[in-house]
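The structure under discussion appears below in the form of structure tokens.
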Amino acid sequence: MVLDGLADKASKILAENWLGHFTIPSPSLYPHQWSWDSAFTAIGNTHYDVSRSIVEIEHLFDAQWKNGMVPHIVFNEKATSYFPSPTFYDSQKSSDAPRHVKTSGMTQPSVHAIAAYHIYQNHPDQKEAKEFLKRIFPKLEKFHEYLMTVRDPERMGAITVMHPWESGMDNSPIWDEALKRLVVSDIPEYQRKDLINVSDPSQRPDHATYDRFIFLLLTMKKHDYNHIDMYDDYPFKIKSSTSTSLLYASNNFMLKIADIIDEDKTRILDWQSRIKKNFDKTFCPNLPKDPLYYDYDLIAEEHILKQTVGSITPIYSGIPSKEHADRIVNMLGDSKFCGTSCHVQMVPSTSLHEKEYTPQLYWRGPVWINVNWLIWRGLQNYGYKEKAEQIKEGVIELVKEHGFYEYYDATTGEGYGAQNFSWTAALLIDMIKDLGVGTSS
Ligand code: 9WN
8 MVLDGLADKA SKILAENWLG HFTIPSPSLY PHQWSWDSAF TAIGNTHYDV SRSIVEIEHL
68 FDAQWKNGMV PHIVFNEKAT SYFPSPTFYD SQKSSDAPRH VKTSGMTQPS VHAIAAYHIY
128 QNHPDQKEAK EFLKRIFPKL EKFHEYLMTV RDPERMGAIT VMHPWESGMD NSPIWDEALK
188 RLVVSDIPEY QRKDLINVSD PSQRPDHATY DRFIFLLLTM KKHDYNHIDM YDDYPFKIKS
248 STSTSLLYAS NNFMLKIADI IDEDKTRILD WQSRIKKNFD KTFCPNLPKD PLYYDYDLIA
308 EEHILKQTVG SITPIYSGIP SKEHADRIVN MLGDSKFCGT SCHVQMVPST SLHEKEYTPQ
368 LYWRGPVWIN VNWLIWRGLQ NYGYKEKAEQ IKEGVIELVK EHGFYEYYDA TTGEGYGAQN
428 FSWTAALLID MIKDLGVGTS S
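Counting from 8, one number per residue, gives the positions in the sequence shown under this note's numbering.
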């Protein structure tokens, strides 16, 4: 069958990007292990080589910090084609950083419990799968505890991202105002490598934005990556609806895992009630008029009213009521979310009606496969079969017609950014196989 052939092609890309202990997101642009990429890739690999998924997740958690943080990059010492380098980060200034491996000094969304559960479900040997769950459960719990404490000292049940890179949606217009407000100083000269490793550099973040990314990194470094000590005076603190709802979804998978391996659920249940109780209050300021979710800027003390894919992703978590989900799904029919006006009916990274919308620019318009995979599963969970199917068909069409790209122009389908991109391949496989593992509630 054509689709099986496409899935096989995807699995070859995953095999090519596999370095023995982890999968690089792409050969050209991203030569290290990235945190949320690894989880998405592990999900796809469960259909072809589940042992690789286990090694991938365990390699990432082997670099977990003593305080529980899972770093967003685990460096491949042999690779020199990415900036910022391990030396630039110098994250071992923190006594929490591991000594046997170099990592970045920040984190990314917690989607690894989702991958762990997929590994269990798709594993042919349940005994081996349970052994893996027993090894990984305490590490996952420690990571989630880190997020619920260090990244939520206000106890709002909402995760603070302290750098756009921590959101995984780095160049989204969500961050624009908060980045503009930064008083940037003392940045040494640095050489970006992303611009030479991508076919069209104009699709990457501009220099002013990159300076701000580097300034925030250096601010963390100045404080030895001690996010507790720096928190009060830190200049960029955003409560993220996507990171928070993904933690909630992951916690739901943790509850399922706890049942399988007979672990205590008390703490997880407590986190869940804190997140759920506050979620709409924190992220949905214009209910009942507007059902979309918006991040909250702790420093400006206001919501960031940009309509992006982050306004929709919480549908994966199961937090919205059915009535609330109905209203979100109705909005997906609108042209601003590619309801009718685009090449494929998938959710673009930024609404077509926002002034920042740019069809080719990194997180500012193009369609990304990972967030659409989350929305696809979320739609399935609520029973919106037809809309879910449109997204799946969109992903298949994009890959079939244009290749395995990092992101795609929503209006033409053209692929941009890195080629042979791992999570595009992995999540396409999962959508084609569609074993229905993604139900988080
Ligand atoms: C910075 C690896 C990562 C993804 C992110 C994506 C991009 C890095 C970059 O690539 O971010 O972490 O250099 O642009 O935005 O989601 O994890 O694929």
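Built from N, CA and C at the ideal position, the CB exists for glycine as well.
**residue 397: CB within 7 Å of a non-hydrogen atom of the ligand 9WN** = no
**Asked** Relative to the C-alpha of residue 329, which residue among 33, 389 and 19 is closest?
**Response** 389
**Item:** C-beta contact flag for residue 147 and residue 127 at 8 Å
**Value:** no
**Request:** Can you give me the Cβ contacts of residue 417 inside the same chain, cut-off strictly under 8 Å, excluding the 5 residues immediately before and after it?
**Result:** 345, 349, 350, 351, 353, 355, 359, 366, 372, 373 and 374
**Message:** With a threshold of 8 Å, are at least 3 pairs of Cβ atoms found where one atom belongs to the segment 206-217 and the other to the segment 120-138?
**Reply:** no
**Prompt:** Is the CB-CB distance between residue 114 and residue 155 below 8 Å?
**Reply:** no
**Request:** Flag this pair as yes or no: are the beta carbons of residue 48 and residue 433 separated by less than 8 Å?
**Result:** A contact, by the Cβ cut-off of 8 Å.
**Request:** For the ligand 9WN, list every residue whose C-beta falls under 5 Å from any of its heavy atoms, going in chain order.
**Result:** 32, 37, 41, 44, 172, 175 and 177
**Message:** Determine whether the beta carbon atoms of residue 197 and residue 82 lie at a separation below 8 Å.
**Reply:** no
**Request:** Answer yes if the segment 311-322 comes into contact with the segment 273-284, meaning at least three C-beta pairs across the two stretches below 8 Å, and no otherwise.
**Result:** no
**Message:** Here's the rule: buried if 16 or more other CB atoms are within 10 angstroms of the residue's CB, otherwise exposed. What is residue 186?
**Reply:** buried
**Message:** Suppose you measure from the CA of residue 290 to the CA of residue 405; what does that come to, to the nearest Å?
**Reply:** Rounded to whole angstroms, the gap between the alpha carbons of residue 290 and residue 405 is 31 Å.
**Item:** Nearest candidate by alpha-carbon position, reference residue 239, set 84, 421 and 169
**Value:** 169
**Prompt:** Quick one: what's got a C-beta closer than 8 Å to residue 460's C-beta in the same chain, skipping five residues either side?
**Reply:** Absent from the model: residue 460. The displayed extent of the chain is 8 to 448, so no value can be given.
**Asked** Of all the options 313, 39, 303 and 299, which has the alpha carbon lying nearest to the alpha carbon of residue 6?
**Response** The structure shown does not extend to residue 6, since the chain is modelled only from 8 through 448, so no value can be given for it.
**Message:** When you compare the segment 58-76 with the segment 175-184, are there three or more beta-carbon pairs, one atom per stretch, that lie closer than 8 Å?
**Reply:** no
**Request:** Mind the definition here: the segment 242-260 touches the segment 158-175 only if three or more C-beta pairs lie below 8 Å; say whether that holds.
**Result:** yes
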